[in-house]
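Step one of this worksheet: look at the structure below.
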Amino acid sequence: MKILKSGIRNVTASDKVTVCEPVNLYECTLHDDAFVGPFVEIQRHCVIGAGTRIQSHSFLCEKVTTGKNCFIGHNVTFANDLFRSGKLNPDPESWISIHLGDNVIVGSGSTILTEFICSGAVIGAGSVVTKDILKPGIYAGNPARLLREI
Numbered sequence: 003m004k005i006l007k008s009g010i011r012n013v014t015a016s017d018k019v020t021v022c023e024p025v026n027l028y029e030c031t032l033h034d035d036a037f038v039g040p041f042v043e044i045q046r047h048c049v050i051g052a053g054t055r056i057q058s059h060s061f062l063c064e065k066v067t068t069g070k071n072c073f074i075g076h077n078v079t080f081a082n083d084l085f086r087s088g089k090l091n092p093d094p095e096s097w098i099s100i101h102l103g104d105n106v107i108v109g110s111g112s113t114i115l116t117e118f119i120c121s122g123a124v125i126g127a128g129s130v131v132t133k134d135i136l137k138p139g140i141y142a143g144n145p146a147r148l149l150r151e152i
């Protein structure tokens, strides 16, 4: 049996970051005043912007970058292998990078499957984002659609 322990490994962060264990954080960067709730996984090459809050049970795959003061609700999933070939793709170079602007809110239970969400966007709880969000507004549904500009 091979056992891989979760924990915090090779994370760049200041004393101004709050992390509630248990978590699985590795090879990522957390900027000042970031908050990471329990049962969160943040994988390598992720950068979490200053003042961003990530609530419990969320999963941030490799190559996710958030802007400043974002809010990621409970049980949010970011996925970057979109299975375009119909099977798992083991090559990280072909996976998408996901970028959130500043002040983005992602409601609990949402799934992010796109490369870009602009600053000021609000994603409603349980939404599935399949296309880039290019203008501030409230988006919800599966697939997420613009409900109202803000």
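In terms of the working numbering, the sequence shown opens at residue 3 and continues consecutively. Every residue, glycine too, gets a C-beta built ideally from N, C-alpha and C.
For residue i, collect the residues of the same chain with a Cβ closer than 8 Å to its Cβ; drop the 5 residues on either side in sequence, then sort them by chain order.
i: residue 82; result: 63, 64, 65, 66, 97, 98, 99, 100
So, at 7 Å on beta carbons, what are the nonlocal neighbours of residue i in its own chain, with the 5 sequence-adjacent residues on each side left out?
i: residue 33; result: 50, 51, 52
i: residue 94; result: 64
i: residue 46; result: 28, 29, 30, 64
Taking residue i as part of the beta strand (DSSP E), name the residues at either end of that continuous run.
i: residue 151; result: 146-151
i: residue 143; result: 139-143
i: residue 33; result: Neither: residue 33 is in no beta strand (DSSP E) and is coded neither H nor E.
From the options, pick the residue whose C-alpha is nearest to that of residue i; which is it?
i: residue 110; options: 130, 104, 92; result: 130
i: residue 79; options: 125, 147, 137; result: 125
i: residue 2; options: 24, 5, 88, 132; result: Nothing about residue 2 can be read from this structure; the chain reaches only from 3 to 152.
i: residue 8; options: 41, 117, 56; result: 41
Once you ignore the five residues that flank residue i on each side, which residues in its own chain have a CB closer than 6 Å to its CB?
i: residue 36; result: 19, 50, 54
Which ranges does the alpha helix (DSSP H) cover as unbroken runs of at least 4 residues, wholly within the region 43-92, from first to last along the chain?
none
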